[in-house]
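Just add 70 to wherever you are in the sequence shown, counting from 1, and you've got the working numbering.
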Amino acid sequence: MVAFKPEKGRLLIAEPAILNDSSFKRTIVLLTEHNEKSSVGFILNRPLDHVLSDLVPEIDCDFTVYQGGPVEQDNLYFIHKVPHLLPDSIEVANGIYWGGNFDLLKELLNSKQLKAGDIRFFLGYSGWGTNQLEEELLMSSWFIAENDYENILTTNDQNFWKDKLLQRGGKYKIWANAPSDIQMN
């Protein structure tokens, strides 16, 4: 089994060992930045009970908003696949981009020029300071996988973590089918 190093564009998959961590239990995080000082990413499989227009009333759009992580949960972030429509986007990897011109984004959303598979919105982000992520990897809080999805923005939220565990195989197959509340087993 190849052990990957943290790198932007890769996925952090929460190890079953952190089932008691309410912030990251059963999550998959897309790393959007990783360097010697910090790491930043967004939880891809934790949809909230909000749509975009609930949070930004001037945008007529019912796209689901996700919990991006425990940091700055009062700020809205987005990743997308349409850099040709959103200037000032930052390339992450595999055709995924972070941010861009928000005023233009509002126009695109209000005129229905984007579909849900083009973009994903998050409240908050996941962040790690110097060496923090590496320490968590050494403590087996995460394993890293390549983003091998044609469009990661269209993944099934409910089965995403389970599917990555099954793909990993071995001892992970047992955990993939464990109930969310392990005491219910």
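Note that the Cβ used here is the ideal one computed from N, Cα and C, for glycine as well. Note that the coordinates shown come from a computational prediction; the quantities given were computed from them, not determined experimentally.
Residues bridged to residue i (per DSSP)
i, result
"alanine 84", "Trp212"
"serine 93", "Partner(s): none; serine 93 has no beta bridge."
"isoleucine 98", "Ile83"
"glutamate 103", "Val110"
Proximity of residue i and residue j at Cβ, strictly below 8 Å
i, j, result
"serine 196", "valine 135", "no"
"leucine 81", "isoleucine 98", "yes"
"phenylalanine 192", "tyrosine 147", "yes"
Residue from the options whose Cα sits closest to the Cα of residue i
i, options, result
"leucine 223", "Arg238, Tyr167, Ala215, Met209", "Tyr167"
"glutamate 85", "Ser92, Lys78, Arg96, Gly79", "Arg96"
"glycine 111", "Ala87, Pro127, Val162, Asp132", "Val162"
"lysine 151", "Phe213, Ala186, Phe230", "Ala186"
"lysine 78", "Asn164, Pro157, Asp144", "Asn164"
"serine 108", "Trp198, Asn115, Leu174", "Trp198"
"aspartate 227", "Pro127, Gln137, Ser92", "Gln137"
Proximal residues to residue i (C-beta, below 7 Å), its chain only, five neighbours per side dropped
i, result
"asparagine 105", "none"
Residues near residue i by beta carbon distance below 6 Å, same chain, minus five either side
i, result
"lysine 232", "Ala246"
Which runs of the alpha helix (DSSP H) spanning at least 4 residues fall entirely within the segment 111-198, listed in chain order? Complete alpha helix (DSSP H) runs here, min 4: 122-125, 172-180.
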